[in-house]
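Let me begin by presenting the structure, written as structure tokens, before commenting on it.
Numbering (this note's numbering), first residue to last: 799 to 1629.
Put into structure tokens, the structure is as follows:
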């Protein structure tokens, strides 16, 4: 509708605007013609007065430059100067907008004006003759009169152009008549024609007759009649008689006596010819005034046309606006109501209904309120159609809610069943591990144990996606170090993870499982998308409002767009859609973070890869776990593994720094094997059975660098660092029933180590360095073993890379221990 009204209205406005612009431009053009006509009138006045000055100057020269003839000449100078001053002002106002030719001629007029003073000086101060004086003045006047032809340039009115041509022709005729007056006055004063004066006199007469013919051919009847009525009378007739007489006497080669009846021939002729010249000047002024009037009238008419056209356009626009408003009001109001309620349905009512359906699953109580558009036109039909769409959307939402509920129930059912089977599998593997003596088969059991743990985490992920709470919760807070290491026990490739716990704390029991699950998902993601020969760093730090846990890898990373999308999913609870199959861990992390108010964000690493930042709020934390504080409360069932059962992930004695006082036990986790040791009290001071008295150190003593993974090779694919020390009392089981760990053997080991504490040397070298005795400081039982114990495979030869890695780990652990001791965070070890 708007287009149907707008298009013709726009065309009408454009046509009217063009008319307004054209009329306004025409008005401006006629105004410039008016200014040129006013300048032409000034030129007429100056030309007439300057011609009179010239004629008086010629009479003055021919009469012998007498004082009697000088006085009227000087009086005429003042008249010419006044007329020239007005012409100069109007000529200076000319610009290029008046036309290039008009502007050029106006500049020529301004240039010629100073020549008048030079001509006067020549007349008064030199002995110049009359004919050169005539020529010089004629050149100045001719330059002025050229401007008459430029008046009508740029105008389109034919009457105006005709009047301009008539004025130009009459101005030239006036100049020719004035030249005859001056020439014959000089001849009468001298008594004869000088050289060239007769020819000039006859040429001026011929030019006058020719220009008068042009004037009569272009002038209107009224203008010709005005000329005939003005240029007539006794003086005109007398001037004609005197002219004929002078020509007749010039042919007889005698003296010239043009007025025998008068005493002064020159004055008699001058007065008679002035009647003709003044009459022509009068007609010129009338023609100039007529041109000015016509220009002003044309300008006013053009401006009036522009105003009228603009008024019509405004009236047209107002009329169209009123019609459009009236019609649009009857159509747009229902459309706006339809749009407003449709947006309300799409943005508020329908999502609220869908959310209620998801919560209750009952759509029988839901009703669809129709859109408040009750017209019978097309708009009303669209409103009724949208009501049907609304009802169908609610029906589909109900079906989707039932389908989602069924899928969630399937997830929960399958997860529960699988979780039960996995739990039984773990218990079965535990039993097999307890009675197995072959280290390779035991390594296989450990691998199955680890896989089962990961399977249980995947089942819990399905429960989380289905909106279920975790099946198990802790009743007591757990230290952040234990939580991190428990998370490591649920990922593959935990040997590549380096842990740096700078700030420790206790996480509330109900959030322990979810926090472990969240960290495990992030660590597994870092391990999966980074090279196998790189490390993944897990570190902590204190920030305002909580503790920050960072998981840093140097893997392939993510693009900027992928990073933005991932952070958007982590910032809110995402809906389960098709992409959950590809990024299930991201959905699980987002839901776990939302459940406990944890903030998770992915950031690009400066050297490549990603940094997963996890902020644990203070509301989720308890007081930090103090170093070497004793917890007398027995841990939850399954939280600690049996001290008698080795862990696949526990490094060997050569992989970790030796502690002077404390043996190690596997780290606690959610019922499974942990990924590293933590110091506990020595067996001779606290028992590991019953209510456990566990002493925890600061995080720095338990989070040393993870040993490098030994590259797989033929024949030792299942090799683990824990089997490197096969003579440790840890693995001695005795009879079939299995013997417990003996503290006496451990004390013997400590005693042997103390015996080798003082190095033996064989003097000093020439440089002053001590000489070492080969094998003099070996701990008894740890070297010169010619055969492996029964049932134990020989120890594989370690590669230089593995030795370098172990020494680096030892050095880093020692450095961290010294740092903790120097800062007071960790009491020094005492024997």
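A virtual CB, placed ideally from N, CA and C, is assigned to each residue, including glycine.
- Following the DSSP letters along the chain, one finds residue 1350 inside the beta strand (DSSP E) bounded by residues 1344-1350.
- The way I'd put it, the segment 923-935 doesn't touch the segment 901-909; fewer than three beta-carbon pairs between them come closer than 8 Å.
- Non-local C-beta neighbours of residue 1349 in its own chain, meaning closer than 6 Å and more than five positions away in sequence, comprise 1320, 1321, 1324, 1336 and 1410, ordered along the chain.
- Annotated three-state conformation of residue 839 is helix, per DSSP.
- Taking the CA atoms as reference points, residue 844 sits about 29 Å from residue 1039.
- DSSP places residue 1234 outside both helix and strand once states are collapsed to three, so it counts as coil.
- Here DSSP, grouped into helix, strand and coil, assigns residue 1358 to helix.
- Per DSSP, residue 1341 is one residue of the beta strand (DSSP E) stretching across 1334-1341.
- Looking at the DSSP output, residue 1420 sits in a beta bridge with 1304.
- Note: residue 1411 is bridge-paired with 1348 and 1399 in the DSSP secondary-structure output.
- Looking at the DSSP output, residue 1298 shares a beta bridge with 1337.
- The count of Cβ pairs closer than 8 Å, one atom from the segment 998-1013 and one from the segment 964-983, reaches three, so the stretches are in contact.
- Under the three-state reduction of DSSP, residue 870 is assigned to helix.
- In the assembly as shown, residue 1225 is an exposed residue. Its beta-carbon has fewer than 16 other beta-carbons within 10 Å.
- Residue state for residue 1568 is assigned as strand, using DSSP reduced to three classes.
- At least 9 Å separates the beta-carbon of residue 1255 from that of residue 1291.
- The residue among 837, 1122 and 822 with its C-alpha nearest the C-alpha of residue 893 is 837.
- The three-state secondary structure of residue 1277, taken from DSSP, is strand.
- Taken atom to atom, the span from the alpha-carbon of residue 1289 to that of residue 1149 is near 39 Å.
- About 4 Å separates the Cβ atoms of residue 1304 and residue 1275, confirming a contact at the 8 Å cut-off.
- Along the length of the segment 927-1000, whole beta strand (DSSP E) runs at least 3 residues long do not occur.
- Close CB contacts of residue 998 within its chain, under the 8 Å cut and outside five residues either way in sequence, are with 929, 932, 977 and 981 (chain order).
- Nearest neighbour of residue 1387 by Cα position, chosen from 1418, 1332 and 1318, turns out to be 1318.
- The alpha carbon of residue 1113 has as its nearest neighbour, out of 811, 1597, 858 and 1601, the alpha carbon of 811.
- In summary, residue 1172 is exposed, with fewer than 16 beta-carbon neighbours lying within 10 Å of its beta-carbon over all protein chains present.
- Nearest to residue 859 by alpha-carbon distance, out of 1158, 1200, 920 and 911, is 920.
- Under the three-pair Cβ rule at 8 Å, the segment 987-1002 does not count as touching the segment 880-889.
- Inclusion of residue 1251 and residue 1287 in the CB contact set at 9 Å is warranted, their separation being smaller than that value.
- Closest by C-alpha distance to residue 939, out of 909, 924 and 871, is 909.
- Rounded to the nearest whole angstrom, the C-alpha separation of residue 1024 and residue 831 is 24 Å.
- The three-state reading of DSSP puts residue 1055 in coil, since its state is none of H, G, I, E or B.
- Just so you know, the alpha carbons of residue 1056 and residue 936 end up roughly 25 Å apart.
- For residue 914, the closest C-alpha among the options 862, 852, 1080 and 1607 is that of 852.
- Shown here, residue 1050 sits in coil according to DSSP, grouped into three states, outside any helix or strand.
- The Cβ atoms of residue 841 and residue 942 lie closer than 9 Å to each other.
- Taking 9 Å as the cut-off, the beta carbon of residue 1093 is found closer than this to the beta carbon of residue 958.
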